[in-house]
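The next block holds one structure in the form of structure tokens; read it before the comments.
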Amino acid sequence: MSDATYLIRLAEDDDDFILGLVPRFVDFSLPPWRRRHECIEGIRKDLSRHLDEQPANSFLFVAEDDDGEPVGFIHLQKTQDYFTGRSNCHISDIAVAPQHEGRGVGRVLLEHAENWAREHRCQLMTLAVFPGNERARAVYESAGYALDLLRLAKPVR
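The sequence shown begins at 4 in my numbering and counts up by one.
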């Protein structure tokens, strides 16, 4: 881990850096019914929509290093808790550029998300992660995230 500092800023509609990191979301073993290219296309389409339209309750942030180089991003969505009706902050997407892994970028983005959630009076931070994404799961668990709900899937044939 380094002592580098990062500036976190709101993403702009021309932040193509974000779309360039999309393949990182499927860089591990996927469930057998998931196709890598379909996941990449779906994530890219969703992020493009959020960048272009900037819908309410959707917030994309970019982390930059001291030289102004983008090094990671996080996509937050303010949601309503199914059980309590209170506001939650859902981390829809988070990625760090491969050459910046292990330098604290993910930790800084998660801390930014928690601060944002506090400021917006959210009750919980939530996120979803594929079971095969062990690297990300380890980061989330070390940051205090724990299992809340378990989503199961079965292909219908």
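Cβ atoms here follow ideal geometry from the backbone N, Cα and C, with glycine treated the same way.
Sheet register partners of residue i (DSSP bridge)
i	result
Pro73	Glu67
Ile94	Leu79, Leu130
Phe62	Leu79
Val99	Gly75
Leu22	For Leu22, which the question treats as bridged, DSSP gives no partner whatsoever.
Candidates the options: closest to residue i by CA position
i	options	result
Leu10	Pro158, Val65, Gly88	Val65
Asp96	Asp17, Ile21, Thr82	Ile21
Phe86	Asp68, Glu41, Ala98, Leu152	Leu152
Arg138	Gly88, Gly45, Thr82, Ala98	Ala98
Asp84	Arg12, Arg37, Leu130, Pro134	Leu130
Glu104	Trp36, Glu41, Val142	Val142
Ala7	Gly45, Ile46, Asp68	Asp68
Arg47	Gly23, Lys157, Ser145, Ala149	Gly23
Glu56	Trp119, Asp16, Val25, Ala120	Asp16
Where the alpha helix (DSSP H) containing residue i begins and where it ends
i	result
Arg140	137 to 145
Check whether residue i and residue j have beta carbons under 8 Å apart
i	j	result
Leu54	Ala14	yes
Phe133	Leu50	no
Run of the beta strand (DSSP E) containing residue i, from where it starts to where it stops
i	result
Arg124	No beta strand (DSSP E) holds Arg124; DSSP gives it neither H nor E.
Leu39	Looking at the sequence shown, residue 39 is not Leu but Arg. Run containing Arg39: none in the beta strand (DSSP E); it sits in the alpha helix (DSSP H), 39 to 56.
Leu2	As displayed, the chain neither begins before 4 nor continues past 160, which places residue 2 out of reach and without an answer.
Leu10	10 to 13
If you pair each beta-carbon of the region 27 to 47 with each one of the region 67 to 78, do three or more pairs fall below 8 Å?
The region 27 to 47 and the region 67 to 78 do not touch, with fewer than 3 CB-CB distances between them shorter than 8 Å.
Stretch pair the region 84 to 101 + the region 110 to 130: three plus CB contacts closer than 8 Å:
The region 84 to 101, when compared against the region 110 to 130, does touch it at the 8 Å Cβ threshold.
Any contact between the region 51 to 68 and the region 106 to 118? By contact I mean 3 or more CB pairs, one from each, below 8 Å.
Yes, the region 51 to 68 touches the region 106 to 118.
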